Ligand SMILES: [Fe+2]
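Residue numbers (my numbering): 26 to 503.
This is the structure:
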């Protein structure tokens with residue numbers, strides 16, 4: 026077993042703890058809750074799911090107030106989870122695990138697909154609603170305090186979607202992607218207002234065989250679609266006898282095709298073709314004169330999906346390493362250039378979103394891989410200088426570092442100089458990073474609070490158990 030194996034061990038306990046043991050000091054201004062989702066149970070009945078991404082979602086809440094940290098966790102009561110609990114077997118199809126089904130039931134499933142609502146990838150706050158999401162069209166609303174699920178949040182206008190929506194600055198609503206599947210397939214982007222329940226499709230284009238999309242880029246003018254050559258013929262999925270992701274084919278000769286879909290619904294621009302890449306996470310995108318800059322954590326191929334099967338991970342097999350690349354699309358020339366931005370690759374990227382998304386920016390944070398092969402360091406990248414710095418500790422495996430911006434004039438270091446009157450602008454990297462870290466020696470996890478500007482440790486709060494490796498979360502200010 027590898028050093029990080031505890032992060033892939035199921036967690037049964039659901040707890041509420043008012044005060045976690047805390048070392049260090051939290052910034053006075055930091056108040057609110059870090060809400061995270063991620064897989065936490067991979068065994069059902071006598072069966073183990075196949076892939077890291079398959080596990081049943083658990084919500085975690087770290088409440089930060091009065092200089093202390095509370096913690097609670099709860100399985101997301103999705104239909105998929107409820108059915109597995111009640112029937113003692115996997116009932117819904119997950120990312121790389123299907124229920125055991127006869128040919129008859131596979132044909133039947135064409136008319137009654139058991140699409141999972143196991144929202145273990147990410148969550149968002151939309152207006153006053155908290156919504157957990159995966160890549161199926163059934164995002165689950167939940168209570169941000171009790172973590173109790175409250176049913177399907179809204180109807181996605183397509184069969185596939187992403188768990189990485191963007192904020193629509195003008196409305197306070199969200200923008201997300203959907204793939205409509207049927208006799209004619211299309212890529213779609215939709216808007217959902219902060220209090221709305223009906224998404225509006227705002228841009229779309231036809232596609233024969235959609236590429237796998239985990240996230241997308243957004244500029245002031247465009248939705249940016251990176252169509253990696255990992256494609257599927259969706260109508261074949263129900264009868265293939267293979268789990269969802271195993272229907273995708275890696276066809277590197279197609280290259281990566283970028284599409285720019287105007288946010289005002291105008292004609293799509295593209296394809297702009299470059300080498301074959303695969304990626305989960307866009308970092309940021311922006312307009313730059315007549316060009317469009319698109320930064321992505323990419324892999325040389327889609328082999329990373331196979332690397333993350335549990336059997337391989339638990340055996341400590343090698344895992345592909347991400348690269349941080351900048352793609353520069355010149356629509357007038359019809360070309361795409363690409364360059365490596367920093368030597369130290371990382372994934373699970375975060376930026377100072379409120380300030381930097383859709384705009385030129387300098388800093389990104391993420392989780393880097395080192396000698397362990399797994400994600401084992403928190404990385405800050407200065408994209409202007411092409412330099413990085415890291416936080417790493419032996420036996421520690423950090424999750425996504427969520428950036429929380431310091432309020433104006435109340436910075437982590439220069440609060441006194443700033444006067445605390447809210448009138449002094451903060452720097453782009455002024456704030457904290459919140460990361461849930463597995464300490465493999467203690468077989469337990471802690472919430473780590475770092476100064477985002479220089480990665481010095483400000484505080485850590487010890488959780489009462491290990492927290493299985495999750496994917497994403499958000500900070501909701503109090
Ligand atoms: Fe993701």
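Ideal placement from N, C-alpha and C gives every residue a C-beta, glycine not left out. No experiment lies behind these values; they were computed from the predicted model shown.
Which residues in the same chain have their Cβ closer than 6 Å to the Cβ of residue i, if we skip the five residues on either side of it in sequence?
| i | result |
| --- | --- |
| residue 44 | 93 |
| residue 344 | 332, 398 |
| residue 104 | 142 |
| residue 429 | 456, 457, 500 |
| residue 353 | 316, 318, 362 |
| residue 20 | Only positions 26 to 503 of the chain appear in the structure, and residue 20 is not among them; the question remains open. |
| residue 440 | Here the model assigns residue 440 a pLDDT of 40, short of 50, so the residue's position is not dependable and the matter cannot be decided. |
Would you kindly check if the distance between the Cβ of residue j and the Cβ of residue i is under 8 Å?
| i | j | result |
| --- | --- | --- |
| residue 303 | residue 324 | yes |
| residue 461 | residue 476 | no |
| residue 253 | residue 235 | no |
| residue 305 | residue 239 | yes |
| residue 507 | residue 181 | Lying outside 26 to 503, the shown extent of the chain, residue 507 is not represented and no answer is given. |
| residue 32 | residue 70 | no |
| residue 243 | residue 191 | yes |
| residue 380 | residue 391 | no |
| residue 87 | residue 480 | no |
| residue 120 | residue 65 | no |
| residue 346 | residue 281 | no |
| residue 425 | residue 483 | no |
| residue 433 | residue 452 | no |
| residue 492 | residue 36 | yes |
Could you please give the first and the last residue of the uninterrupted alpha helix (DSSP H) stretch that includes residue i?
| i | result |
| --- | --- |
| residue 264 | 262-265 |
| residue 104 | 104-112 |
| residue 339 | 335-339 |
Excluding sequence positions up to five away, which residues of its chain have a Cβ less than 8 Å from the Cβ of residue i?
| i | result |
| --- | --- |
| residue 412 | 367, 406 |
| residue 420 | 28, 464, 465, 466 |
Can you tell me whether residue i is buried or exposed? The criterion is at least 16 other CB atoms within 10 Å of its CB, across all chains shown.
| i | result |
| --- | --- |
| residue 149 | buried |
| residue 485 | buried |
| residue 161 | buried |
| residue 102 | buried |
| residue 360 | exposed |
| residue 261 | exposed |
| residue 502 | exposed |
| residue 350 | buried |
| residue 165 | buried |
| residue 322 | buried |
| residue 41 | exposed |
| residue 53 | exposed |
| residue 383 | buried |
| residue 90 | exposed |
| residue 245 | exposed |
| residue 205 | buried |
| residue 365 | exposed |
| residue 468 | exposed |
| residue 402 | buried |
From what residue to what residue does the beta strand (DSSP E) around residue i run?
| i | result |
| --- | --- |
| residue 316 | 316-324 |
| residue 485 | 482-487 |
| residue 330 | Unbroken run through residue 330 is the alpha helix (DSSP H), 328-332; no beta strand (DSSP E). |
| residue 381 | Premise fails: residue 381 lies in the alpha helix (DSSP H), 378-381, not in any beta strand (DSSP E). |
| residue 405 | 400-407 |
| residue 501 | 497-502 |
| residue 304 | 303-313 |
| residue 156 | 154-158 |
| residue 163 | Premise fails: residue 163 is in no beta strand (DSSP E) and is neither H nor E. |
| residue 196 | Looking at the DSSP string, residue 196 is not in any beta strand (DSSP E), and its letter there is neither H nor E. |
| residue 147 | 147-151 |
Among the residues of its own chain, which have a CB less than 7 Å from the CB of residue i, if the five just before and after it don't count?
| i | result |
| --- | --- |
| residue 178 | 154, 156, 164, 165, 166 |
Confirm the yes/no value for this check: CB of residue i, any heavy atom of ligand 2, distance under 7 Å.
| i | result |
| --- | --- |
| residue 147 | Looking at this structure, you won't find ligand 2 anywhere; what it does contain is ligand 1. |
Quiz item: What runs of the beta strand (DSSP E), each 3 residues or longer, lie entirely inside the segment 52-125?
Solution: 57-66, 81-90, 93-100
Self-check item: Complete alpha helix (DSSP H) runs within the segment 214-291 (minimum length 4 residues, chain order)
Solution: 262-265
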